[in-house]
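Just so you know, the sequences run in chain order A and B.
At position 197 of the first sequence (counting the first as 1) the number is 519 in our numbering, and the numbers step up by one without a gap.
At position 17 of the second sequence (counting the first as 1) the number is 56 in our numbering, and the numbers step up by one without a gap.
Comments concern the structure below.
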Amino acid sequence: MTDASVPPQDGPQELLSASRRLTRRVRQAQRGTWFPLLLFAALTLVSIPITLNSRHAFDCRVVRAGRVCVAFSPGGYVFWPLALVLAYAAIAAFYVHRARRRGVGTRVRLYVITGIIIAVVGTGVSLWLVTHPAVSGYPGPPSAATLFLYRLVSPEAAIGLALLMLAWVERNRALLVFGLVYLVVVAFGRFPPPNAALTFLAVSAAVLLLGSIGFALAELRARRTAP
Amino acid sequence: MTAHPVNCLDDVVHQRVRLGILTIAHEARRVEFGFLRTALELTAGNLGQHLSVLENAGLVHIEKGYEGKRPRTWVNLTPAGEQALREEIAHLKRLIQQVEQTAP
């Protein structure tokens, strides 16, 4: 028999640290970050031929330097809204199924609703900008602010903005950092012509794919080390 | 004069397992019996007793049902449970703060 003191299990410090540990465990069980990133990487890759093969030019004008046109991809305006809405439905189904299997609830609804709203608003604003080129100073060269605005309402930025919401929903700091880096790439990245659109989409897809692999590995490691 | 944080602790909540149940149910929104049992390393009977205490105090709502052919028990936090958890965490933090302030 010993009279050595036993560490108290119900002391305030112990209770609070146990509470934090359990919170982390629940969050790990709820996370499935790799899936939306993989899905969006795949959609971005699929969008490359659609965007490049459906280019359409209109409102062409002759200027001092030659001839300028408003260019856009009608295929992209059909593909992206549909693809994003279906992707968010798939993500919701994935999270709900996974949460049920693991025995916890999920907060993914907020992310899905936000993602769909951003996608719809982004498509609307983008279409309006294309059909009202004078707003951006057309036929003059677009300013840096205009280029930033075009990027901001792109489907790629819509994905990135919604990822910030997912980071909040999952209380996932790593995803917050990843989302910000991805947004910087899609909003400020400069890609040289003549293959600027192709490079932009390929780089966006690559970043998402690498993110998906990274989060999948981190999740796997966390599950292996879980008590 | 404010009461010492020790006097504010609720006996139902101020217990390692029950605080754990409330914490998990709060974070998970809805948690299955099996997840609680594994996370808290308890036997089914022991967990059931703690859940009964919390249910009788109106802090959790227990829902029984089936998923496919498998029986499932889900635990949800009630608004009173949410408040009790918030207050317990606040009291614990105050208690730690007071101990640190009075420590030599």
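Glycine is no exception: its CB is placed at the ideal position from the N, C-alpha and C atoms.
With a threshold of 8 Å on Cβ separation, who are the neighbours of residue i within its own chain once the five nearest residues in sequence on each side are excluded?
{"i": "Thr62/B", "result": "Leu124"}
Using the DSSP secondary-structure output, state which residues sit across from residue i in a beta bridge.
{"i": "Leu532/A", "result": "DSSP output for Leu532/A lists no bridge partner at all."}
{"i": "Leu116/B", "result": "Val99/B"}
{"i": "Glu71/B", "result": "Trp113/B"}
{"i": "Arg389/A", "result": "Val384/A"}
{"i": "Val452/A", "result": "Its beta-bridge partners do not exist; DSSP assigns none."}
{"i": "His378/A", "result": "Phe394/A"}
Going by other Cβ atoms of all chains shown within 10 Å of its Cβ, with 16 needed for buried, is residue i buried or exposed?
{"i": "Asn494/A", "result": "buried"}
{"i": "Gly97/B", "result": "exposed"}
{"i": "Val56/B", "result": "buried"}
{"i": "Ile439/A", "result": "exposed"}
{"i": "His89/B", "result": "buried"}
{"i": "Leu539/A", "result": "exposed"}
{"i": "Gln335/A", "result": "exposed"}
{"i": "Tyr410/A", "result": "buried"}
{"i": "Thr453/A", "result": "exposed"}
{"i": "Tyr504/A", "result": "buried"}
Once you ignore the five residues that flank residue i on each side, which residues in its own chain have a CB closer than 6 Å to its CB?
{"i": "Gly397/A", "result": "Ile372 and Ser376"}
{"i": "Pro477/A", "result": "Trp402"}
{"i": "Ile435/A", "result": "none"}
{"i": "Gly533/A", "result": "Leu359 and Phe500"}
{"i": "Leu483/A", "result": "Ile440"}
According to DSSP, simplified to helix, strand and coil, what is residue i?
{"i": "Tyr504/A", "result": "helix"}
{"i": "Gly446/A", "result": "helix"}
{"i": "Gly84/B", "result": "helix"}
{"i": "Val426/A", "result": "strand"}
{"i": "Gly104/B", "result": "strand"}
{"i": "Phe522/A", "result": "helix"}
{"i": "Phe470/A", "result": "helix"}
{"i": "Thr547/A", "result": "helix"}
{"i": "Arg353/A", "result": "coil"}
Cβ-heavy atom distance between residue i and the ligand GTP below 6 Å?
{"i": "Pro455/A", "result": "In the structure on display, the ligand GTP does not appear, and there are no ligands present to speak of."}
Closer than 7 Å by C-beta to residue i: which residues in its own chain qualify, once you throw out the five before and the five after it? Chain order, please.
{"i": "Leu374/A", "result": "Ala519 and Leu520"}
{"i": "His65/B", "result": "Leu116, Glu121 and Leu124"}
{"i": "Val385/A", "result": "Pro461"}
{"i": "Gly59/B", "result": "Leu79"}
{"i": "Val92/B", "result": "Val51 and Arg57"}
{"i": "Ile101/B", "result": "Leu90, Glu94, Thr112 and Val114"}
{"i": "Tyr472/A", "result": "Leu451"}
{"i": "Arg523/A", "result": "For the record, residue 523/A in the displayed sequence is Leu; it is not Arg. Answer for Leu523/A: Thr366, Ser369, Ile370 and Thr373, listed in chain order."}
{"i": "Phe416/A", "result": "Gly354 and Phe357"}
### Query
Just by C-beta distance, which residues in the stretch 63-79 of chain B are closer than 7 Å to chain A?
The stretch 63-79 of chain B vs chain A, Cβ under 7 Å: Ile63, Glu66, Ala67, Arg68, Arg69, Val70, Glu71, Gly73, Phe74 and Ala78.
### Query
Using a Cβ cut-off of 7 Å, which residues of the stretch 489-511 of chain A contact any Cβ in chain B, in chain order?
none
### Task
Anything in the stretch 82-113 of chain B with a Cβ closer than 9 Å to a Cβ of chain A? List those residues in chain order, please.
Going along the stretch 82-113 of chain B in chain order, one finds Glu106, Arg111 and Trp113 with a Cβ nearer than 9 Å to chain A.
### Task
Check each residue of the stretch 338-354 of chain A: if its Cβ is closer than 8 Å to any Cβ of chain B, include it; give the result in chain order.
Leu338, Ala340, Ser341, Leu344, Thr345, Arg347, Val348, Arg349, Ala351 and Gln352
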